[in-house]
Amino acid sequence: MRAGMILGIFAVLLPVLPILNRNFGTEFVVEGAPIAMIFTTLYVFLAAACLLFSAVLIGASLIMRHAESLVSRDNSIR
4 MRAGMILGIF AVLLPVLPIL NRNFGTEFVV EGAPIAMIFT TLYVFLAAAC LLFSAVLIGA
64 SLIMRHAESL VSRDNSIR
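Counted the way my numbering counts, the sequence shown spans residues 4 to 81.
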């Protein structure tokens, strides 16, 4: 759960603080700068991937906690 939350915070801060993109990437399509375009594309995909992976980690953590609570409740009933 903690890892998912940390990754989610990172994913939200990544587009908000575009220091790396300003230094190495580009905000406009520039035909003469293929490295900058590749870096910008990877930067955007990284933010999206981190956000999705964070949601999956948090969801899996909640499902595991729910399953553990069901097992512990069944064991306490017996």
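Don't be surprised by glycine CBs; every beta carbon is placed ideally from N, CA and C. Keep in mind the model is a prediction, meaning the values are calculated, not measured.
Note that the stretch 4-18 touches the stretch 50-69; at least 3 beta-carbon pairs, one per stretch, sit closer than 8 Å. Residue state for Met40 is assigned as helix, using DSSP reduced to three classes. Listed in chain order, the non-local C-beta contacts of Ser64 below 7 Å within the same chain comprise Met4, Gly7, local neighbours out to five positions each way being set aside. Inter-residue distance for Val74 and Leu54 is about 31 Å (C-alpha atoms, whole angstroms). 8 Å or more divides the Cβ of Leu17 from the Cβ of Ala70.
Distance between Ala36 and Tyr46, taken at the CA atoms: about 16 Å.
In the three-state reduction of the DSSP assignment, Glu71 falls in the helix class.
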